[in-house]
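The working numbering applies: residue -15 is where the sequence shown begins, and numbers increase by one.
Please read the structure below before turning to the comments.
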Amino acid sequence: MRVRGKLNLFNPVIFLLCLALSTGFLLATSEQIVSSLVWYIAILLSFFIALFISSGMGMLFEERSRFGGELLLAAFLPYLYFFWVQDNILRLDGLVPGLIAGVGFILHAFMNNRFDVVAKRTRFFLKLFFVGMMVYLFAIFIQLVSEEDMRDIPQYALTGSNDLFMIMLSFFALMILHTLLMKYVHGIKASDVFVYGPSKSGKTLLLLALYNQFVHYYNGRRSETILSSSREEDYYRIENMLAELKNGRQPKSNQKTDLTMYTLTGKKSIKPIEFSFVDYGGEFTENLTKDGYFKAILEIENQIPEIDKETFSEKVGDHEFIKELKEKYPDEIVYILDQLVLAHVYKKLENAGKVVFLVDGEHIVSYHEDGASHLMRLFGQYSRIMEMLGDGKSYAIVVTKADKIKNINDVIDTSKDALNIEKEIFEMLTEIDTFKEIKHRATKGPIHFYAVSANALKSVDQQEEAIKNIYPWRVEQIAKFGF
-15 MRVRGKLNLF NPVIFLLCLA LSTGFLLATS EQIVSSLVWY IAILLSFFIA LFISSGMGML
45 FEERSRFGGE LLLAAFLPYL YFFWVQDNIL RLDGLVPGLI AGVGFILHAF MNNRFDVVAK
105 RTRFFLKLFF VGMMVYLFAI FIQLVSEEDM RDIPQYALTG SNDLFMIMLS FFALMILHTL
165 LMKYVHGIKA SDVFVYGPSK SGKTLLLLAL YNQFVHYYNG RRSETILSSS REEDYYRIEN
225 MLAELKNGRQ PKSNQKTDLT MYTLTGKKSI KPIEFSFVDY GGEFTENLTK DGYFKAILEI
285 ENQIPEIDKE TFSEKVGDHE FIKELKEKYP DEIVYILDQL VLAHVYKKLE NAGKVVFLVD
345 GEHIVSYHED GASHLMRLFG QYSRIMEMLG DGKSYAIVVT KADKIKNIND VIDTSKDALN
405 IEKEIFEMLT EIDTFKEIKH RATKGPIHFY AVSANALKSV DQQEEAIKNI YPWRVEQIAK
465 FGF
């Protein structure tokens, strides 16, 4: 479910401001632009208008980039009216390449689930357009000044109703419009989802449940990087943990000397997705800060001086790099495992377009004992991490082990009853101040909430039984969050 914050009235104001600035600019300058237009400028103008309108329409399909797309349309649809409908100066040899480029950006974004790329490229062309328009306006301004100097009697006294004054106002309108578009035209790397949660938050069973969904519905594959000083690396492979479940044994938790990293990749139609998990026996949530990250990088470099700090900082978020360190420096890694995990997790959080924060459902069950204090601390830490990462990402709060909180036996996970159970759990958590703080963040960017289980067939009224198979309940919603 989508968490709804207070209604944000700022976005409609920004939309109307962009529309007003663009329309006002064209009312003031279109006559001057048209009268001094040459054919190659008309081609460039046609190219940019087609590019920005097609890119803006494409950006509407991704939630996090939607507002930027709306602003692009507000800023450039008036150009289409003034220069095509009214004056008919736009040229097909500019419109068609612009349309092809815009559609190409969007297709690339869909095929790679990377709306950050289309936003980055659109921002580059926005800079070119506004710089070019400023130069063009300045040339018109110089021409008007020259004509004024040649007159015996000045035609333009600066009364606020002449061409020179309107051109000067147009410069300010363009600067404000440029600033707004550069601020709000952005997208996210939706293809990269990082699942984060403290020890014993249900990561392992959620990993196996998502693996089940990916393999069955998204042509899924997995990759693993496992570091273990106990020489039990094979145990943590997905197939072996599933085999343990089949024998009625829960997968055991990682030891402090174990680090396991998993990546699930899949595709829905042409849209790819990648979920990353990091499982580690220690706790480091409180140290996930920029200072903590740089300190960890420094300690890693001191232990492995053969690799410079810049290389560590650039590659520490890649599984392949961790695997390379494991193979080349097995003895050194033992002493820096805590720092390596912290640096890796920080980099994954920083690079991911979407972040899933896990909450152990058992803390809700024990709410009136010690569960409330655990949850208050956890949500406070998650809120701090969101503040650190900024609003340019999508976030999801996922409560695991929903079967321990509510009786989900015989509740179809796509039914209205399932959604009501999820809402009930959400309402329970709204009593916690630090969770309310996260809820308030939904006014700035999308935050989602899910309650899931890897064991949908067990009722809370039954005696505790060993899980022998994965029965995902609402886990598909997390996969859909990624897409």
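Don't be surprised by glycine CBs; every beta carbon is placed ideally from N, CA and C.
Does L211 pass the burial test, meaning 16 or more other C-beta atoms within 10 Å, or should it be called exposed?
Looking at its Cβ environment, which holds 16 or more other Cβ atoms inside 10 Å, L211 is buried.
Which value, in whole angstroms, describes the spacing of the CA atoms of R75 and W68?
The straight-line gap from Cα to Cα measures roughly 9 Å.
Output the distance between the C-alpha atoms of L194 and Q461, rounded to the nearest integer angstrom.
The alpha-carbon atoms of L194 and Q461 are separated by roughly 10 Å.
From Q16 to I25, what distance separates their C-alpha atoms?
Their Cα atoms are separated by approximately 13 Å.
Report the option in V179, L413, M372 whose CA atom is closest to the CA atom of I389.
For I389, the nearest C-alpha among the options comes from L413.
Is T414 a contact residue of the ligand NAP, with contact defined as CB to any heavy atom under 7 Å?
Absence of the ligand NAP is noted for the structure shown, with no ligands found whatsoever.
Is L326 near I317, with beta carbons less than 8 Å apart?
Going by C-beta atoms, L326 is not nearer than 8 Å to I317.
Skipping 5 residues on each side, what residues in its chain have a beta carbon closer than 7 Å to that of C2?
Excluding positions up to five away in sequence, the list reads L55, A58, A59, L161, L164.
Do you know how far the Cα of V199 is from the Cα of E223?
Their backbone Cα atoms lie some 13 Å apart in a straight line.
How many Å lie between V(-3) and Y351 at the Cα?
Distance between the alpha carbons of V(-3) and Y351 is about 42 Å.
Looking at the unbroken alpha helix (DSSP H) that takes in R280, where does it start and where does it end?
Looking at the sequence shown, residue 280 is not Arg but Ala. Start and end: 274 to 287.
Skipping 5 residues on each side, what residues in its chain have a beta carbon closer than 7 Å to that of Y330?
L272, Y277, listed in sequence order.
Measuring CB atoms only, is the region 355 to 367 touching the region 392 to 405, in the sense that at least three cross pairs come out at less than 8 Å?
Short answer: they don't touch.
Take P182 as the anchor and find which of F9, R50, R48, Y264 has the nearest alpha-carbon.
Here the closest residue by C-alpha is Y264.
So, V177 versus E258, is the Cβ gap smaller than 8 Å?
Contact flag set, yes.
Output yes or no for whether 8 Å exceeds the beta carbon distance between T249 and P256.
A contact, by the Cβ cut-off of 8 Å.
Look up A336 in the DSSP assignment and say whether it is helix, strand or coil.
A336: coil per DSSP, three-state reduction.
With the cut-off set at 8 Å, would you say I409 and A426 are in Cβ contact?
No, the Cβ-Cβ distance between I409 and A426 is not below 8 Å.
Within a Cβ cutoff of 7 Å, which residues of the same chain sit near I73, ignoring the five residues on either side of it in sequence?
Result list for I73: V18, L21, A26, F67, in chain order.
Whose C-alpha, out of Q70, M166, Y65, I416, is nearest the C-alpha of G53?
Ranking Q70, M166, Y65, I416 by Cα distance to G53 puts M166 first.
Looking only at its chain, what residues have a beta carbon closer than 7 Å to the beta carbon of L243, apart from the 5 residues adjacent to it on each side?
Closer than 7 Å at Cβ, skipping near neighbours: L211, Y264, L321, V325.
Would you call the region 414 to 423 and the region 364 to 376 in contact, with 3 or more CB pairs under 8 Å?
Yes: at least three Cβ pairs fall under 8 Å.
Between the Cα of V80 and the Cα atoms of I381, S38, Y319, which residue gives the shortest distance?
For V80, the nearest C-alpha among the options comes from S38.
May I ask which residues mark the beginning and end of the beta strand (DSSP E) holding M(-15)?
Taken as a continuous stretch (DSSP letters only), M(-15) belongs to no beta strand (DSSP E), as it is neither H nor E.
How about V383 and I348: do their beta carbons lie closer than 8 Å?
Contact flag set, yes.
Using a Cβ-Cβ cut-off of 8 Å (strictly less than) and excluding sequence neighbours within five positions of R206, which residues of its own chain qualify?
The residues are Y195, F198, I222, Y246, T247, L248, T249.
Taking only three categories from DSSP, how would you classify N72?
Coil.
Who are the Cβ neighbours of F31 in its own chain at under 6 Å, not counting the five residues just before and after it?
Once the five neighbours on either side are set aside, the close Cβ partners of F31 are G78, P81, G82.
My assumption, with CB atoms under 8 Å, is that K184 sits in contact with L342. Please give the rounded CB distance.
The pair is not a contact, with the Cβ atoms about 10 Å apart (cut-off 8 Å).
Quick check on the burial criterion: 16 or more other C-beta atoms within 10 angstroms. Buried or exposed for V129?
Exposed, by the Cβ-count rule.
Can you give the Cα-Cα distance for S297 and Y180, rounded to whole angstroms?
Rounded to whole angstroms, S297 to Y180 spans 20 Å at the Cα level.
How about R107 and F89: are their beta carbons less than 8 Å apart?
Contact: no.
By Cβ distance below 6 Å, which residues in the same chain neighbour A463 in space, the five residues on each side in sequence not counted?
So the qualifying residues of the chain are Q197.
State buried or exposed for M152, treating a residue as buried only when at least 16 other CB atoms are found within 10 Å of its CB.
Classification for M152: exposed.
Between which two residues does the beta strand (DSSP E) carrying H432 extend?
Start and end: 431 to 435.
First and last residue of the beta strand (DSSP E) that includes R205?
Counting along the chain, the beta strand (DSSP E) containing R205 begins and ends at 205 to 212.
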